[in-house]
Amino acid sequence: MGGVAPPIFPSSLFVFEKLDDLHSAMADHPFGPPHHYSRVSNPTLAYAEDKIAAIEGSEKCILTGSGQGAITTAMIANVQAGSHVVTLDTIYGPARVFLSEYMARFGVTTTYVTGLDTDELLDAVKPETTLIYLESPSSLLFRLQDVRKIASFAKEKGIVTAIDNTYNTPLHMNPISMGIDIVVHSATKYLAGHSDITAGAVCGSRERLESMTRYELNLLGTILHPFSAWLLNRGLRTLNLRLARHESTANLIAGWIATRPEVERVHHVSLPCFPQRELYLQMMSGSGGLFSFEPKTQDPQKIKRFVDSLELFQRGVSWGGFESLAVALQQQPLDYSEPKWLVRLFCGLEEPDDLMRDLQPAWPRLSD
Ligand SMILES: *Cc1c(COP(=O)(O)O)cnc(C)c1O
23 MGGVAPPIFP
33 SSLFVFEKLD
43 DLHSAMADHP
53 FGPPHHYSRV
63 SNPTLAYAED
73 KIAAIEGSEK
83 CILTGSGQGA
93 ITTAMIANVQ
103 AGSHVVTLDT
113 IYGPARVFLS
123 EYMARFGVTT
133 TYVTGLDTDE
143 LLDAVKPETT
153 LIYLESPSSL
163 LFRLQDVRKI
173 ASFAKEKGIV
183 TAIDNTYNTP
193 LHMNPISMGI
203 DIVVHSATKY
213 LAGHSDITAG
223 AVCGSRERLE
233 SMTRYELNLL
243 GTILHPFSAW
253 LLNRGLRTLN
263 LRLARHESTA
273 NLIAGWIATR
283 PEVERVHHVS
293 LPCFPQRELY
303 LQMMSGSGGL
313 FSFEPKTQDP
323 QKIKRFVDSL
333 ELFQRGVSWG
343 GFESLAVALQ
353 QQPLDYSEPK
363 WLVRLFCGLE
373 EPDDLMRDLQ
383 PAWPRLSD
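For the sequence shown, the positions run 23 to 390 when the working numbering is used.
Here it is as structure tokens:
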């Protein structure tokens, strides 16, 4: 009908002239078309799925109700009782809890490594390892893994690899082209980009995702709603513009913070002083708006006062939308002898000068 914006198909089901056609849709077309039931596939989701698969360089993409739904879908699809998983101690928190507290109930064990040293990760692999789950850069500390090396080792051993690519988006890294089997995204963040939906994406081969559609998506009921898929589709149209702005603002602000006397170190992949700079340049074509820093003072009261005094940086979890965000968390990765407080900042789309003016009067709170 000529509309430049795609329609929303909120329909939960799709009807057929003949019973045979319905049977064939159910048996032979897991992704549709023809679509038959929106717990399995839906045309509004297909618009966004095709776009994400195209930019991620994967055969297929399926959308879930949240990034966590994409993560659990990818994990459950690749373990059974007795399976072993190798992952990082600094992956997204709920992904770690899912493995350590939830999958453990079903006889799945997990080994955590720092991921900083490829041999350390490969040494953790056992005969019963079925899945290596990566996140590069990892949450809060932004540690990278040598994705190509790990993927090629896993292929030789017949171990499935999956990676959380939320930080990079398909614009800054394409893990499928590096040999990874499954890429998951929290589309809640940059892909949708407006802090108005939760959504997740799983990318991979047609065969793998067909199985996930028949089993995990259909049986666990984790699919995205069409209204949310429509907003995701709208957000995707400006992804490149938004990401470039988040990146340039964060580079400016992280570079400035790295010179502050109140700051011990900044964890930001694109800073020249980032310890894994070579891997960064090798694997990624850019960074983004998210980074963290370790204040010299580890007094929680001072750190809280610093975060509480900000106005444009609002206190909240998540990231990837318009608004700048700040949060302070205590972390103790495997290789730290004691927990450390980190301040994580997300640089939104506000004017960079305004964000600097917001931070400027807050610094004395870290030294007072
Ligand atoms: C937010 C986030 C997730 C989880 O996504 P939701 O959409 O909140 O479920 C997973 N991985 C990373 C890196 C995230 O930042």
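In this text, a Cβ means the ideal position worked out from N, Cα and C, and glycines have one as well.
Computed from a prediction, not measured in an experiment: that's the story for all the values here.
Taking 7 Å as the cut-off, is the beta-carbon of tyrosine 189 closer than that to any non-hydrogen atom of ligand 1?
Your numbering for residue 189 matches position 167 in the sequence shown. At least one heavy atom of ligand 1 is nearer than 7 Å to the Cβ of tyrosine 189, so yes.
Round the Cβ separation of valine 224 and alanine 92 to the nearest angstrom and send it over; I've been treating them as touching at under 8 Å.
The count along the sequence shown starts at 1 and reaches residue 224 at position 202. The count along the sequence shown starts at 1 and reaches residue 92 at position 70. Between alanine 92 and valine 224 the Cβ distance is about 5 Å, and since that is below 8 Å, they are a contact.
Taking contact to mean at least 3 C-beta pairs separated by less than 8 Å, is the region 262–271 in contact with the region 306–316?
yes
So, serine 314 versus leucine 364, is the Cβ gap smaller than 8 Å?
In the sequence shown, the residue the question calls residue 314 occupies position 292. In the sequence shown, the residue the question calls residue 364 occupies position 342. Yes, they are a contact pair.
For the 8 Å Cβ check, are there 3 or more pairs between the region 205–224 and the region 327–337?
no
Do arginine 228 and lysine 82 have their CB atoms nearer than 8 Å?
Along the sequence shown, read from residue 1 onward, the residue named residue 228 stands at position 206. Along the sequence shown, read from residue 1 onward, the residue named residue 82 stands at position 60. Yes, these two residues count as a Cβ contact at 8 Å.
What's the call for valine 206, buried or exposed, on a 16-neighbour Cβ count within 10 Å?
On the sequence shown, position 184 is the one that residue 206 refers to. By the neighbour-count rule (16 or more Cβ atoms within 10 Å), valine 206 is buried.
Stretch pair the region 245–254 + the region 375–382: three plus CB contacts closer than 8 Å
no
DSSP state of glutamate 345, grouped into three classes?
Position 323 of the sequence shown, counted from the first residue, corresponds to residue 345. Reduced to three states, the DSSP call for glutamate 345 is coil.
I'd like to confirm something about serine 340: is its beta-carbon nearer than 7 Å to some heavy atom of ligand 1, or not?
In the sequence shown, the residue the question calls residue 340 occupies position 318. Because some heavy atom of ligand 1 lies under 7 Å away, the Cβ of serine 340 counts as near it: yes.
Where in the region 283–320 do unbroken runs of the beta strand (DSSP E), each at least 3 residues long, occur, reported from the N-terminal end onward?
285–289, 312–317
Mapping DSSP to helix, strand and coil, what is alanine 389?
Here the question's residue 389 lines up with position 367 in the sequence shown. Sequence inspection shows serine at residue 389; the alanine mentioned does not correspond to that position. Here serine 389 sits in coil by DSSP.
Taking the beta strand (DSSP E) that lysine 362 belongs to, which residues open and close that run?
Here residue 362 is taken as the residue at index 340 of the sequence shown, counted from 1. Counting along the chain, the beta strand (DSSP E) containing lysine 362 begins and ends at 362–368.
Is serine 122 close to ligand 1? I mean its beta-carbon at under 7 Å from any heavy atom of the ligand.
Your numbering for residue 122 matches position 100 in the sequence shown. For ligand 1, not one heavy atom lies less than 7 Å from the Cβ of serine 122.
According to DSSP, which residues form a beta bridge with histidine 106?
Your numbering for residue 106 matches position 84 in the sequence shown. DSSP lists Thr131, Thr151 as partners of histidine 106.
Out of curiosity, what's the CA-to-CA distance linking aspartate 321 and glycine 201?
For this step, residue 321 is matched to residue 299 along the sequence shown. For this step, residue 201 is matched to residue 179 along the sequence shown. Rounded to the nearest angstrom, the two C-alpha atoms are 44 Å apart.
Any heavy atom of ligand 1 within a distance shorter than 7 Å of the CB on glycine 343?
Along the sequence shown, one-based indexing puts residue 343 at 321. Checking every heavy atom of ligand 1 against the Cβ of glycine 343, none is found closer than 7 Å.
Give the secondary structure of arginine 337 by DSSP, where H, G and I count as helix, E and B as strand, and everything else as coil.
Looking up residue 337 in the sequence shown gives position 315. Looking at arginine 337 - three-state DSSP - the assignment turns out to be strand.
Distance between alanine 173 and asparagine 273 (C-alpha atoms, nearest Å):
Residue 273 sits at position 251 when you count from the first residue of the sequence shown. Residue 173 sits at position 151 when you count from the first residue of the sequence shown. Straight-line Cα distance between these residues: approximately 30 Å.
Using a Cβ-based criterion (distance less than 7 Å to any ligand heavy atom), does glutamate 157 qualify as near ligand 1?
Within the sequence shown, numbered from 1, the residue matching residue 157 stands at position 135. Yes, since a heavy atom of ligand 1 falls inside the 7 Å radius drawn around the Cβ of glutamate 157.
Check whether the Cβ atoms of arginine 287 and tryptophan 385 lie closer than 8 Å to each other.
As a first step, residue 287 is located in the sequence shown; it is residue number 265 there, counting from the start. As a first step, residue 385 is located in the sequence shown; it is residue number 363 there, counting from the start. Cβ distance not < 8 Å, so arginine 287 and tryptophan 385 don't count as in contact.
In three-state terms, what does DSSP make of glycine 222?
Within the sequence shown, residue 222 is the residue found at index 200, counting from 1. Strand, per DSSP.
Whole-number beta carbon distance between serine 88 and serine 60, since they are thought to touch under 8 Å:
The sequence position of residue 60 within the sequence shown is 38, counting from 1. The sequence position of residue 88 within the sequence shown is 66, counting from 1. Not quite, the Cβ-Cβ distance comes to about 17 Å (not below 8 Å), so this is no contact.
List the residues that DSSP assigns as beta-bridge partners of leucine 41.
Working through the sequence shown from its first residue, we reach residue 41 at position 19. None; leucine 41 has no bridge partner.
Given that a residue counts as buried once 16 or more other Cβ atoms are within 10 Å of its Cβ, and exposed if not, what is proline 361?
Position 339 of the sequence shown, counted from the start, is the residue given in the question as residue 361. Exposed is the call here.
Buried versus exposed call for threonine 260 [16 or more other C-beta atoms within 10 Å across all chains shown]:
Position 238 of the sequence shown, counted from the first residue, corresponds to residue 260. Label assigned to threonine 260: exposed.
For histidine 290, which option in Arg230, Glu333, Cys369 has the closest C-alpha, if you only look at C-alpha atoms?
As a working mapping, residue 290 is identified with position 268 in the sequence shown. Comparing Cα-Cα distances from histidine 290 to each of Arg230, Glu333, Cys369, the minimum goes to Cys369.
Would the beta-carbon of isoleucine 93 be found less than 7 Å away from any heavy atom of ligand 1?
For the purposes of this step, residue 93 is taken as residue 71 along the sequence shown, with counting starting at 1. Isoleucine 93 Cβ: within cutoff of ligand 1.
Hey, quick one: how far does the alpha helix (DSSP H) through isoleucine 77 stretch, first residue to last?
Locating residue 77 in the sequence shown gives position 55, where the first residue counts as 1. From DSSP, the alpha helix (DSSP H) with isoleucine 77 extends over 65–78.
Over the uninterrupted beta strand (DSSP E) stretch that includes serine 208, give me the two end residues.
Here residue 208 refers to the residue found at position 186 of the sequence shown. That run of the beta strand (DSSP E) goes 204–208.
Candidates Gly257, Asp218, Ile84, Val130, of which the one nearest glutamate 238 by Cα:
Counting from 1 along the sequence shown, the entry for residue 238 is found at position 216. Selected option, being the one with the closest Cα: Ile84.
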